[in-house]
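K.L.:
First the structure, which I've put down as structure tokens, then a few questions once you've had a look.
Protein chains: 2
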Amino acid sequence: MSRLLNGTSYVSSDAREAIEKAIAKVGYVQNTAARNLVTRRSRAVGFVVHEPHELFLDDPNIGAILLGANEVVSEADFQLVVLVLDSERDSQRVADYLQGGFVDGAVLVSARQHDTIAGAVERLGLPAVFIGHPPGHPTIPYVGIDNRSAARSVTEELLRTGRRRVAMVASALDRDSGSDRLAGFRDALGDRFDPRLVVDHPLYSYASGLDGARELLRRDPAIDGIFAASDAVAAGVLEALRQAGRSVPGDVGVVGFDDSAWAVRCVPALSTVRQPARLMGRRAAEIVLGQIQGAEVEPGGALLDTEVVWRASA
Amino acid sequence: MSRLLNGTSYVSSDAREAIEKAIAKVGYVQNTAARNLVTRRSRAVGFVVHEPHELFLDDPNIGAILLGANEVVSEADFQLVVLVLDSERDSQRVADYLQGGFVDGAVLVSARQHDTIAGAVERLGLPAVFIGHPPGHPTIPYVGIDNRSAARSVTEELLRTGRRRVAMVASALDRDSGSDRLAGFRDALGDRFDPRLVVDHPLYSYASGLDGARELLRRDPAIDGIFAASDAVAAGVLEALRQAGRSVPGDVGVVGFDDSAWAVRCVPALSTVRQPARLMGRRAAEIVLGQIQGAEVEPGGALLDTEVVWRASA
Numbered sequence: 001m002s003r004l005l006n007g008t009s010y011v012s013s014d015a016r017e018a019i020e021k022a023i024a025k026v027g028y029v030q031n032t033a034a035r036n037l038v039t040r041r042s043r044a045v046g047f048v049v050h051e052p053h054e055l056f057l058d059d060p061n062i063g064a065i066l067l068g069a070n071e072v073v074s075e076a077d078f079q080l081v082v083l084v085l086d087s088e089r090d091s092q093r094v095a096d097y098l099q100g101g102f103v104d105g106a107v108l109v110s111a112r113q114h115d116t117i118a119g120a121v122e123r124l125g126l127p128a129v130f131i132g133h134p135p136g137h138p139t140i141p142y143v144g145i146d147n148r149s150a151a152r153s154v155t156e157e158l159l160r161t162g163r164r165r166v167a168m169v170a171s172a173l174d175r176d177s178g179s180d181r182l183a184g185f186r187d188a189l190g191d192r193f194d195p196r197l198v199v200d201h202p203l204y205s206y207a208s209g210l211d212g213a214r215e216l217l218r219r220d221p222a223i224d225g226i227f228a229a230s231d232a233v234a235a236g237v238l239e240a241l242r243q244a245g246r247s248v249p250g251d252v253g254v255v256g257f258d259d260s261a262w263a264v265r266c267v268p269a270l271s272t273v274r275q276p277a278r279l280m281g282r283r284a285a286e287i288v289l290g291q292i293q294g295a296e297v298e299p300g301g302a303l304l305d306t307e308v309v310w311r312a313s314a
Numbered sequence: 001m002s003r004l005l006n007g008t009s010y011v012s013s014d015a016r017e018a019i020e021k022a023i024a025k026v027g028y029v030q031n032t033a034a035r036n037l038v039t040r041r042s043r044a045v046g047f048v049v050h051e052p053h054e055l056f057l058d059d060p061n062i063g064a065i066l067l068g069a070n071e072v073v074s075e076a077d078f079q080l081v082v083l084v085l086d087s088e089r090d091s092q093r094v095a096d097y098l099q100g101g102f103v104d105g106a107v108l109v110s111a112r113q114h115d116t117i118a119g120a121v122e123r124l125g126l127p128a129v130f131i132g133h134p135p136g137h138p139t140i141p142y143v144g145i146d147n148r149s150a151a152r153s154v155t156e157e158l159l160r161t162g163r164r165r166v167a168m169v170a171s172a173l174d175r176d177s178g179s180d181r182l183a184g185f186r187d188a189l190g191d192r193f194d195p196r197l198v199v200d201h202p203l204y205s206y207a208s209g210l211d212g213a214r215e216l217l218r219r220d221p222a223i224d225g226i227f228a229a230s231d232a233v234a235a236g237v238l239e240a241l242r243q244a245g246r247s248v249p250g251d252v253g254v255v256g257f258d259d260s261a262w263a264v265r266c267v268p269a270l271s272t273v274r275q276p277a278r279l280m281g282r283r284a285a286e287i288v289l290g291q292i293q294g295a296e297v298e299p300g301g302a303l304l305d306t307e308v309v310w311r312a313s314a
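Residue numbers (full-length UniProt numbering), protein chains in the order written: chain A, 1 to 314; chain B, 1 to 314.
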């Protein structure tokens, strides 16, 4: 249970009584924010997106997670308020906002280690849940997928098509999702793992795929398979291969990760890992609403199932 | 000036005094929502997105507008809170939220005629601005582009490549952007306009383009040019043509609208209209912040410049 709900925070009961009395004396008050002072409820849930600009535009998963969360929060007659962080300045202000009584809980997307927001949420005891699993915040539950085993599965499928020089464009190694996908790739290759065939870029973006595949082709023109850390990265990889005159899947097999809207629009359509983004958003919202309504926080994570989806790119 | 800022709304001055006194008596109150009751300022600006699910995921413009608005609101040390509407139930709750003192103003994206939110904002006198220009709300200023003349320009470019049977996949005719783009297409064709060569779908989506182009090819297999009402629609048109064995731009020239992230990733890259989405978001935020800080509302619209960008698809 959060301190918020136990009433040990924010407003002393003396203050609350005095304010209730004042409000009662003067009659009707239309301002909901004022009423919240009494009920200590905003009936709002924050949805905090910590993404650099480019990725926010490139990554359709965030939209799907958001819409899933919005559905559940709306069904409970709460308001989802989305807060986008794009700078350190944003971080401090969003932390203040979360602490200011404007929301009863928060879904945190794409948090990083030593995240200002996650730290603030933890200190405050605000009901919260992560999408994904940043290290260092054991009291906050999370919803995610097993990135490592999913990455291993899709790489094994790629190897099963007979590829012999399989490379990876890794991304976001500062996050659990990025580092776990690389670990799964390595698991699948075992003794055949060659660190020279891995390039990494900070963002899950089209540009990362474009640059990454060019660099890989320079390092080893005989590459015949590429695992891209996301579908957006894979779209960039496909373009780099097209520009280099390599056919897909003839010369090079390509697999992605996400099964986002991008996957079916790539030419050829991507073989990839289906990530249940909308369901992750729904589940995360359910967990936060449960906490707000007084459920015990169950530490640890809920890992949702993924599935390898085989299409035309490998 | 809004009634909000003039203090004629929300809380009577008796109530305000009584509450201020109560708060003063008990000392420090940490809750910002409580402080707002006194200052009647939340230092937050709403960003209301009224889109059906599919479109929210398909349309990178919304993300770019949001990020532009977020930059400006953040620079002013206000918090942007994004509210997504996906049902009538959402509409009523978001309207309540906007009326509840949680935000000092709002940017309204994709409002339609007889929009619940726009109506509520107008009744409340909340500082607000539209992205786009829904009819029926003359007191709310807007930021937009001249869709009609931009659509005319890009269609004229397409005609200049020698196309003789030019069709359109129109979308969202219930909005100014959709109906104006169709009007511009018609302007460009003049006497050659053939209503049988226009199909329309409710959403600016990939699926609209896919279905729309298939229908057009059934109606007239000799079509040699298609204007798609957005880049997402154009991406679907390209796929339908590919499936039908038509080469682009050899057999059919295709142009889109938006110059979104999609445009350069289409194969072939799209000729399209560049819409300054991020700048629209910035300008809209500036207008709302101006109103919040007491500027007079200048009725009418700010139309930003567009540009035809010619690439490989026509």
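All residues carry an ideal CB built from backbone N, CA and C; glycine is no exception.
Could you list which residues in chain A have their beta carbon closer than 7 Å to that of B:Ala95, in chain order?
P.N.:
Among the residues of chain A, none has a CB under 7 Å from the CB of B:Ala95; the nearest is roughly 11 Å distant.
K.L.:
Suppose you measure from the CA of B:Ala302 to the CA of B:Ile145; what does that come to, to the nearest Å?
P.N.:
8 Å
K.L.:
Determine, for A:Arg311, whether the minimum Cβ-Cβ distance to residues of chain B falls below 8 Å.
P.N.:
So no, A:Arg311 is outside the interface.
K.L.:
Taking Cβ positions only, does B:Ser2 come closer than 8 Å to chain A?
P.N.:
Reliability fails at B:Ser2, whose pLDDT of 34 lies under 50, so the model's placement of it is uncertain and no value is given.
K.L.:
Any chance you could list the beta strand (DSSP E) runs of at least 3 consecutive residues sitting entirely within the stretch 239-293 of chain B, in chain order?
P.N.:
253-255 and 272-274
K.L.:
What residues match up with A:Phe185 in a beta bridge as DSSP calls it?
P.N.:
Paired residue(s): none; A:Phe185 is not in a bridge.
K.L.:
What is the residue span of the alpha helix (DSSP H) that B:Glu157 lies within?
P.N.:
Per DSSP, the unbroken alpha helix (DSSP H) holding B:Glu157 starts and ends at Asn147 to Arg160.
K.L.:
Taking the alpha carbon of B:His137 as the reference point, which residue from B:Ala312, B:Pro299 and B:Arg165 has its own alpha carbon closest?
P.N.:
Checking every option, the nearest Cα to that of B:His137 belongs to B:Pro299.
K.L.:
Could you name the residues of chain B that A:Ser87 contacts, counting a contact when the two beta carbons are closer than 8 Å?
P.N.:
Ser74
K.L.:
Against chain A, which members of the stretch 267-292 of chain B pass a CB distance test of less than 7 Å?
P.N.:
Val267
K.L.:
Which residues in the same chain as A:Glu239 place their Cβ atom closer than 7 Å to its Cβ, once the five residues preceding and following it in sequence are excluded?
P.N.:
Leu210
K.L.:
Once the 5 residues before and after B:Ser230 are set aside, which same chain residues still bring their CB inside 7 Å of it?
P.N.:
Counting only residues of its own chain and dropping the five nearest sequence neighbours on each side, B:Ser230 has a CB closer than 7 Å to the CB of Ser171, Tyr204, Gly256, Phe257 and Asp258.
K.L.:
Evaluate B:Arg123 with the Cβ neighbour count: other Cβ atoms within 10 Å of its Cβ, from every protein chain shown; 16 or more gives buried, anything less gives exposed.
P.N.:
exposed
K.L.:
Identify whether B:Ala213 lies in helix, strand or coil by the three-state DSSP scheme.
P.N.:
helix
K.L.:
For chain B, find out if any of its Cβ atoms is closer than 8 Å to the Cβ of A:Leu210; answer yes or no.
P.N.:
no
K.L.:
When you compare only the Cα positions, how much space is there between B:Asp67 and A:Arg164?
P.N.:
Here residue 67 of chain B turns out to be Leu, not Asp, going by the sequence shown. Going by the C-alpha atoms only, they are around 43 Å apart.
K.L.:
Report the residues of the stretch 233-246 of chain B with a CB closer than 8 Å to any CB of chain A, ordered along the chain.
P.N.:
Ala235, Glu239 and Arg242
K.L.:
Does the Cβ of B:Thr306 have 16 or more other Cβ atoms within 10 Å, making it buried, or fewer, making it exposed?
P.N.:
buried
K.L.:
Would you tell me roughly how many angstroms separate the C-alpha atoms of B:Gly125 and B:Gly294, rounded to the nearest one?
P.N.:
13 Å
K.L.:
Any contact between the stretch 60-78 of chain B and the stretch 43-50 of chain B? By contact I mean 3 or more CB pairs, one from each, below 8 Å.
P.N.:
Judged by pairs of C-beta atoms under 8 Å, the stretch 60-78 of chain B touches the stretch 43-50 of chain B, as three or more such pairs exist.
K.L.:
Within a Cβ cutoff of 7 Å, which residues of the same chain sit near A:Thr161, ignoring the five residues on either side of it in sequence?
P.N.:
Gly253 and Ala314
K.L.:
Anything in chain B within Cβ reach of A:Leu83, meaning under 8 Å, just list it in chain order.
P.N.:
Gln79, Leu80, Val81 and Val82, listed in chain order.
K.L.:
For B:Val107 versus B:Ala284, is the C-beta distance shorter than 8 Å?
P.N.:
yes
K.L.:
Determine the closest residue to A:Gln291 out of A:Val73, A:Asn61, A:Glu51 and A:Ile62, with distance taken between C-alpha atoms.
P.N.:
Nearest C-alpha to A:Gln291: A:Val73.
K.L.:
Under three-state DSSP, which class holds residue 353 of chain A?
P.N.:
In the structure displayed, chain A extends from 1 to 314; residue 353 of chain A sits before or after that span and is not available.
K.L.:
If you measure from the beta carbon of A:Arg123 to each beta carbon in chain B, is any gap under 8 Å?
P.N.:
no
K.L.:
Express the C-alpha separation of A:Leu80 and B:Ser247 in angstroms, rounding to a whole number.
P.N.:
Between B:Ser247 and A:Leu80, the C-alpha separation is close to 45 Å.
K.L.:
Give me the Cα-Cα distance between B:Asp187 and B:Phe193, rounded to the nearest whole angstrom.
P.N.:
If I take the Cα positions, the gap works out to 8 Å.
K.L.:
In the DSSP assignment, find the beta strand (DSSP E) that holds B:Ile117 and state where it starts and stops.
P.N.:
Note, B:Ile117: premise wrong, no beta strand (DSSP E); alpha helix (DSSP H) at Thr116 to Leu124.
K.L.:
Confirm, please, whether the CB-CB distance from B:Val166 to B:Val308 is below 8 Å.
P.N.:
no
K.L.:
What three-state label does DSSP hand A:Asp86 in the structure shown?
P.N.:
coil
K.L.:
Within a Cβ cutoff of 7 Å, which residues of the same chain sit near B:Glu286, ignoring the five residues on either side of it in sequence?
P.N.:
Val72
K.L.:
Excluding the five sequence neighbours on either side, which residues of its own chain have a C-beta within less than 8 Å of the C-beta of B:Arg218, listed in chain order?
P.N.:
Cβ neighbours of B:Arg218 beyond the five flanking positions: none.
K.L.:
First and last residue of the beta strand (DSSP E) that includes A:Ala106?
P.N.:
Gly105 to Val109
K.L.:
In the DSSP assignment, what residue or residues form a beta bridge with B:Asp200?
P.N.:
B:Ala170
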